[in-house]
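Colleague: Numbering (this note's numbering), first residue to last: 11 to 310.
Using N, Cα and C, we set each Cβ at its ideal position, and we do this for glycine too.
One structure coming up, written as structure tokens, with questions to follow.
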Ligand SMILES: [Zn+2]
């Protein structure tokens, strides 16, 4: 048995890996902010004292296996810590930590839309833009554990295509400007709409307006999908993706994903005759399912 966790800035979700490979959520508690003893106690409260099952964690942050250091902006008590070692010592059991986008990528590659496919480039379109790469069933990580993270780096030209010429640069949380993350996240969609139309709408209201044929939201979605697809087509070329499953909040927007798919395939160098960018099968449960897979690979 392996105890699996999906740990984000808001919630800690817990489940146990079942023999059929599934992990159902059994508990959900608030993530203690900024307090290491409280964080350890919260994780401990989900475990059974009578066993010493290994723990596999999907973490909403970067984890560098080479240095052992975690970078987790939303959970200050974990940030900069040798998180696996510290948790293993505190819990008295083996601990494996995997980035949440990487967990989603593993879930899709081994038990989702990427089953039987070689190069699975799974992307997150939600409050941020992220990704993970699994090749022939093996997670690719690299220095810093950031392989597949296509969201950062100043690659989006705000004047691209002349469609939003004159818009100010998009600042990004990473310190750079005009990152894919700053324009391609749900936050970016809202920001583009505000800049183009001078009105503030939720991401859902924007996509709903577009689906209803409303003019201003339609322009926003066209600009958003164009900017995102240009960057995604480059990432598709780079990874040689066979499939690009989408997780995160925007993965619920089936028509938006279909539009991004169409635009991305039109720009990619390889010829894709089947849908390439698709909603992930584990868009909601990718953290827990992926933690189960990562735990099984690590602990057998
Ligand atoms: Zn950035």
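Closest to residue 90 by C-alpha separation, out of 126, 133, 154 and 140, would be which residue?
Modeller: Among 126, 133, 154 and 140, the Cα nearest to that of residue 90 belongs to 154.
Colleague: Applying the 10 Å Cβ sphere with the 16-neighbour rule, what's the burial state of residue 290?
Modeller: Residue 290 is buried by the Cβ-count criterion.
Colleague: So, is residue 64 buried or exposed, given that buried needs 16 or more other C-beta atoms within 10 angstroms?
Modeller: It is buried - the Cβ of residue 64 has at least 16 other Cβ atoms within 10 Å.
Colleague: Kindly give me the distance between the Cβ atoms of residue 141 and residue 111, rounded to whole angstroms, as I take these residues to be in contact under 8 Å.
Modeller: That belief holds up - the Cβ atoms of residue 141 and residue 111 are roughly 6 Å apart, short of 8 Å.
Colleague: So within the stretch 121-170, which uninterrupted alpha helix (DSSP H) runs reach at least 4 residues, ignoring any that extend past its ends?
Modeller: Here no run is fully enclosed.
Colleague: With burial defined as no fewer than 16 other Cβ atoms inside 10 Å of the residue's Cβ, what is the status of residue 365: buried or exposed?
Modeller: The displayed coordinates of the chain run from 11 to 310. Any statement about residue 365 would go beyond what the structure contains.
Colleague: Could you tell me the distance, in whole angstroms, from the CA atom of residue 231 to the CA atom of residue 258?
Modeller: Going by the C-alpha atoms only, they are around 17 Å apart.
Colleague: Which of the three DSSP states, helix, strand or coil, is assigned to residue 173?
Modeller: Low confidence applies to residue 173: its pLDDT is 41, below 50, so where it sits in the model is not reliable, and the reading given next is rough at best. Coil.
Colleague: Within the same chain, show all residues whose beta-carbon is closer than 7 Å to that of residue 119, passing over the 5 residues directly before and after it, in chain order.
Modeller: Answer for residue 119: 130, 144 and 147, listed in chain order.
Colleague: Just to check, is the beta-carbon of residue 192 closer than 7 Å to a non-hydrogen atom of ligand 2?
Modeller: For the structure depicted, ligand 2 is absent and the ligand set comprises only ligand 1.
Colleague: Considering only heavy atoms of ligand 1, does any lie closer than 7 Å to the CB of residue 186?
Modeller: Because some heavy atom of ligand 1 lies under 7 Å away, the Cβ of residue 186 counts as near it: yes.
Colleague: From which residue to which residue does the beta strand (DSSP E) around residue 4 run?
Modeller: In this structure the chain extends from 11 to 310, so residue 4 is not present and cannot be described.
Colleague: Here's a check: name, in chain order, each residue in its chain whose Cβ is nearer than 6 Å to the Cβ of residue 48, leaving out the five neighbours to either side.
Modeller: Excluding sequence neighbours, residue 48 sits near 42.
Colleague: Could you check what DSSP says for residue 234 in three-state terms: helix, strand or coil?
Modeller: The answer is helix: DSSP assigns residue 234 an H, G or I state.
Colleague: Let's see if you can read the secondary structure: which residues bound the alpha helix (DSSP H) around residue 253?
Modeller: Note, residue 253: premise wrong, no alpha helix (DSSP H); not H, not E.
Colleague: Please look up how many angstroms separate the CB atoms of residue 274 and residue 243, rounded, as I've assumed it's under 8 Å.
Modeller: Right, their Cβ atoms sit about 5 Å apart.
Colleague: Are the beta-carbon atoms belonging to residue 3 and residue 233 less than 8 Å from one another?
Modeller: Because the chain is modelled from 11 through 310, residue 3 falls outside the range shown and cannot be assessed.
Colleague: Could you give the first and the last residue of the continuous alpha helix (DSSP H) run that contains residue 95?
Modeller: Per DSSP, residue 95 belongs to the alpha helix (DSSP H) from 93-101.
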